[in-house]
Every structure is written in structure tokens, then in C-alpha cells.
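First residue of the sequence shown: 3, per our numbering; consecutive thereafter.
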Amino acid sequence: MSSSCLAPKHGRALMSVRDGDAVEIAPGVHWIGAFDPGLRNFDMILRTANGTTYNAYAVRGTDGVAIIDTVKAELADDFFARLEQVATLDEIRVIVLNHLEPDHTGALPELLRRAPQARLIISKRAPAMLKALLKPTDNQLDYELVDTGDEISLGDRRLRFLNTPYLHWPDTQCTYLAEQQVLFSGDVFGCHYCDPRLFNDCVGDFRFSFDYYYAHIMRPFKSHVRDALKLIEPLPLRLIAPAHGPVLRERPRRYVTRYRELSSSNEAFDQPFDASDQPASLIIFYLSAYGSTTRMAEAVQAGAESVPGLRVSLYDLEGGEIAPFVDLIEEADALAFGSPTVNGDAVKPIWDLLSSLAGISLRGKIGAAFGSYGWSGEAVPMIEDRLRGLKMRVPVPGLRLKLTPTTAELDSCRVFGRQIAEAMTNTPSKPETAERVIDFAELSP
Ligand code: FEO
């Protein structure tokens, strides 16, 4: 799949990277990573509201192919399926490890077994970790050490290395593809945010995930961040390809600037990440007991995204922290909340979030509620009441579905999402009798 099929501007026809596609992110450079949408906790310290990605890349030159990082072991099949779409194993000349943590090296032993001719490239601080990771029985392990300024030629293109220790482990480095001005940055500029649209201009609003990741992974090493920025800031950058989260092709420099801000002043955490080009934003928060409200939420998202000119974000409250969400909500134009009904009520994380909003102004924002239920479905009207109490507008009646949504009911969810989006853009479509909002309020348990 070429990146051009993911149109680069807001208002685009959105397509997702599904079905194991490799994605060309720059000429001769493919994303061959893996999605992990179900992850809700990373390294025991980070919550992940919609999972994460493990980004790996293949760079083709006239003298062979370089693989940059791999994925965690459980997703190795996805990695190899994508890799084999863009290169044969005997074409692999080098394997560059920007970072040896197992989320990026889980597929390495199998890759070394399948491509034994490949040279392994690591930073000068990495050998002890590599040996501990692979535990070679004969103590024989071939690798090549690189430092800042070292280069490896792939024929018509070169990989240049930047030693960036402690971002996030002592071994970490970045790799720069000079000809395409692509920076493979490892954990640096990454975030735990899983969206199959992959590119930063296509995915939901991940700015809070970016800051949150920095705060938990990079902040303890901020002097090292500043050292790394001295190497990165002078580079021409067309694209940053981090090891987690969206590929940063639209205004990549602003993520470098954000790292400079965050590493220079703690006050930067209280200042919003550059929102100068943000389109109108709809955020969908949800929780799900048995997956039905999840399916509704995804359909609501799809319906909203059918209306051009919006950025639609989807967050599972099970994997999120309230405080960063409050910042996100303050900047959003519309909010939709999906909750199952449990014991005649919406579930507690929804109320925790709604009760945290008193300190910000929501007046005039659009609100909406939806959810699956088993007996009586009180959650949706209760949430709507709360939204009105917060002075929000609720122009689209809530959507409740009994237990598992059918195909027709998921169509109704898409209509519901589209109607929210149309209310945001003041572009109501003609009613479609085949796709109408179903309110099951009249149904008794
Ligand atoms: Fe994504 Fe520090 O590993």
C-alpha cells in the first residue's frame, strides 16, 4: 500500500491500514510494524487509551535492504507478513536496532534466523543488552557498533546514526536517512496511540498521548533529551518515523519543538501543544462490558468521519487517565460518551470524567450519548442530563441498543455519528429512511 492512498489533509477520504498491509511512507521506505489496539497498560507504568503500535521499517537501496527495529514477539507474524510484501529475506543487508527493549526486538531472533546474512547494527552502549537479550549459547554474536556521524551505505542512500542514550534506555540511538530526510527516532517522538490510519495528519488527536508519553518515558532523562535535540534540530526533516504511534509526516518539526519546550520548562506541560492547524474535533469516550458498546463507538466514529473537515478521536476510558482527558475536552468541539448500563446507571469511569469537568467551560459544545444495555438502558439519558447540566447542547437524541448490535443497528450508529458531525459543521444531510437513528427508549426490559 502506498502512503498516497491515505490522503494527507483533513477532510480527506480516510483509509485504514488493515489486512496486514505494508505502507510506503517515503520513496523506498515502508512501515512494516504491528498494531496492538487492545493494550491498556504499557511497561506497568503507562495507561494506553487505545493501545499502541510497534513501528518497524524497511529501507530499500540499490545495494540491498535495511530493516530498522522489529516488533514485540507476540506480533512477529504481522511483522514478517508486512516485511515479505516489500523485500525478500535474502535482500536484507543490515538490521538496525535503535533500541533493544523487547517491544522492539521481540521478532529479532526469528529475523536473524531467517536472514542470517544480515549485519546487525547497534549503538556502542548496546552490546551487553544484546547478549542478555539473545543469550547466545556459544557466546558468539556478530554485530557492528556505530556512533554519532557513522554511516552505512545502501548504495544510492545512506543511513547515518545519532547516539541518543537514555531515550529511553542507555542503548538508544536514532537513524537518519539523509537522502529522504527521514528520521527513524526510536522511542523519541513516539507515543502509545494506536490508529490504523497511521499518519499524524489522518489519526485522531494524539497530542495528549504524545505529552503523556514524554512525561513518563523521557522526562526523567531531560538533560539527555536536550543533548539529543542538539543532534536532531539541525537536521532537515521531511518525516519522523518513531517506534510507537503515528508516523509524523505533517509538520514534523513541531514535535521536535515540543520536545524542546517540554525539556526546557516544566510549565510547558500546562501549555497546550500547538493547535494552530487543528480542525474541528469530536472526541468519543467509551467503556464496554462485553464489546457491544465498543462496536457502537467504532461505528459512531466511522459515521462521523464520513463528514469532511473533522478530526475524530476514539478513547477507551478503561485505559486512560482523567487529567489529560480534561485538557483534551477543553479544546474539543464535541464530545460523545458511550456507556453500558450497569445496575441502572452509567459506569463509574464515565461519571469520574464528567465530574472532573467543572473547572472548564463546556458551554455550547455539542454532547451526545450512546450505549448498549441489557435491561433498561438508563445510562444514556442520565449522561445526556449531565451534559445539559454542563451547558452543552445535545442536538442528536441518544442512541441505545439492546445487547449485541446487529448490522442494521451498527448502520444506525454510523448515522448517529454522522449526525453529530453534521451538527458540528452545520451541514445536515437529507433524512434517509434506511439509515435512521433508533432510540430503543420505548423498549421495556
Ligand atoms: Fe518502546 Fe523503550 O521501548
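Glycine included, each C-beta is placed from N, C-alpha and C at the ideal position. Predicted model, so just to flag it, every value in this text is computed and none were measured.
- Assignment of alpha helix (DSSP H) within the segment 168-253, counting only whole runs of 4 or more residues, yields 209-215 and 224-234 in chain order.
- Shortest Cα-Cα distance from residue 73 to any of 35, 150, 327 and 46 involves 35.
- Excluding residues up to 5 positions away in sequence, 91 lie with their Cβ nearer than 6 Å to the Cβ of residue 116 in the same chain.
- Using a Cβ distance threshold of 8 Å, residue 54 and residue 246 count as a contacting pair.
- Of the candidates 105, 40 and 122, 122 places its Cα closest to the Cα of residue 142.
- Nearest in C-alpha terms to residue 101, of all of 175, 292, 130 and 393, is 175.
- Distance from the C-beta of residue 76 to the nearest heavy atom of ligand 1 is not below 7 Å.
- In the DSSP assignment, residue 31 forms a beta bridge with 28 and 61.
- One alpha carbon belongs to residue 381, the other to residue 359, and they sit about 18 Å apart.
- DSSP places residue 427 inside the alpha helix (DSSP H), whose first and last residues are 409-427.
- For residue 269, there is no enclosing beta strand (DSSP E), since its DSSP letter is neither H nor E.
- For residue 245, the shortest C-beta to heavy atom distance toward ligand 1 is below 7 Å.
- Leaving aside the five residues that flank residue 384 on each side, the residues in its chain whose CB is nearer than 6 Å to its CB run, in chain order, 348.
- For the segment 279-318, the full-length beta strand (DSSP E) segments reaching 3 residues or more read 282-288 and 312-318 along the chain.
- Bridge pairing for residue 404: 375 [DSSP].
- Residues 153, 154, 179, 180 and 181 of the same chain have their beta carbon placed closer than 8 Å to that of residue 160, with the five preceding and five following residues left out of the count.
- If you check the CB distance, residue 286 and residue 315 come in under 8 Å.
- Bounds of the alpha helix (DSSP H) holding residue 78 are 78-88.
- When Cβ pairs closer than 8 Å are counted between the two stretches, the segment 229-248 is seen to touch the segment 161-169, the count reaching three or more.
- Out of 263, 202, 300 and 274, the CA that lies nearest to the CA of residue 253 is found in 202.
- The C-beta distance from residue 368 to residue 395 rounds to 5 Å, short enough to fall under 8 Å.
- From the listed residues 399, 64 and 189, the smallest Cα separation to residue 71 is found for 189.
- Neighbourhood of ligand 1, defined by CB distance below 5 Å to any of its heavy atoms: 103, 105, 170 and 189, in chain order.
- A check of alpha carbon separations from residue 331 across 310, 293 and 389 identifies 389 as the nearest.
- Contact check for residue 239 and residue 255: beta-carbon distance about 6 Å, within the 8 Å limit, so the pair qualifies.
- Separation of residue 210 and residue 139 (C-alpha to C-alpha, rounded to the nearest whole angstrom) is 44 Å.
- Distance from residue 405 to residue 290 at the Cβ level is roughly 12 Å; contact not present, criterion being Cβ atoms closer than 8 Å.
- Here residue 44 carries a strand assignment [DSSP, helix/strand/coil].
- A direct Cα-Cα distance of roughly 40 Å separates residue 407 from residue 241.
- Taking all protein chains in view, the Cβ of residue 375 is crowded by 16 or more other Cβ atoms within 10 Å, so the residue is classified as buried.
- The three-state secondary structure of residue 382, taken from DSSP, is helix.
- In this model, residue 69 and residue 266 are separated by some 34 Å (Cα to Cα).
- The C-alpha of residue 354 lies about 8 Å from the C-alpha of residue 324.
- Taking the Cβ atoms as the reference, residue 97 lies roughly 17 Å from residue 77, outside the contact range of under 8 Å.
- Contiguous beta strand (DSSP E) elements confined to the segment 104-137 occur at 121-125, taking only those with 3 or more residues.
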